[in-house]
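The next block holds one structure in the form of structure tokens; read it before the comments.
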Amino acid sequence: KCFRDEEKCSNEADLDATGWIIFGILMTSHLLPDIINGAKMVVLGGKECYDFNQRARFFFGGLLLVTVTAFTLFTSVVYNRAIATSNTEIVTNAVVILFITDL
Numbered sequence: 012k013c014f015r016d017e018e019k020c021s022n023e024a025d026l027d028a029t030g031w032i033i034f035g036i037l038m039t040s041h042l043l044p045d046i047i048n049g050a051k052m053v054v055l056g057g058k059e060c061y062d063f064n065q066r067a068r069f070f071f072g073g074l075l076l077v078t079v080t081a082f083t084l085f086t087s088v089v090y091n092r093a094i095a096t097s098n099t100e101i102v103t104n105a106v107v108i109l110f111i112t113d114l
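Take the sequence shown: its position 23, counting from 1, is numbered 34 in this note's numbering, and each next residue is one higher.
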């Protein structure tokens, strides 16, 4: 925080590496199954044992699942870098975002 009549600014943010580590653990534990399942669906889309219609559905469904999951992770990081000022806020924001994506 910078005051007009002072030359020095003070950092009042309470956010450190611990908050980001907890954020990473939360996001990984929740989003990793979706990435794995999406990758499996993409692989199933390349198997010859299914007809073309099923393979196309597997491929595009898996691609969509991986894309939405990666976008969720990206937006969560950008949002928390812009808004969070403490470890509590970063964890709260992560839990809220993960709850909303489950709906």
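Where a beta carbon is used, it is the ideal one built from N, C-alpha and C, also for glycine.
Inspect the CB distances between the region 57-67 and the region 84-103 and report whether three or more fall short of 8 angstroms. No: fewer than three Cβ pairs fall under 8 angstroms.
From what residue to what residue does the alpha helix (DSSP H) around Thr39 run? Locating residue 39 in the sequence shown gives position 28, counting from the first residue. Annotation: the continuous alpha helix (DSSP H) that includes Thr39 extends over 28-56.
Take Phe70 and list the residues in its own chain whose beta-carbon comes closer than 7 angstroms to its own, dropping the five residues that flank it on each side. Within the sequence shown, the letter at position 59 stands for residue 70. Its chain contains Val53, Gly56 as the residues whose beta carbon lies nearer than 7 angstroms to that of Phe70, once the 5 sequence neighbours on both sides are disregarded; these appear in chain order.
What's the C-alpha gap between Asn104 and Asp62? The residue you call residue 104 lines up with position 93 of the sequence shown. The residue you call residue 62 lines up with position 51 of the sequence shown. Between Asn104 and Asp62, the C-alpha separation is close to 43 angstroms.
Sequence ranges, alpha helix (DSSP H) only - wholly within the region 50-109, length at least 4: Those alpha helix (DSSP H) runs which fall completely within the region 50-109 and span 4+ residues are 63-94.
For Asp25, write down the residues that DSSP places opposite it in a beta bridge. For the purposes of this step, residue 25 is taken as residue 14 along the sequence shown, with counting starting at 1. DSSP output for Asp25 lists Ser97 as bridge partner(s).
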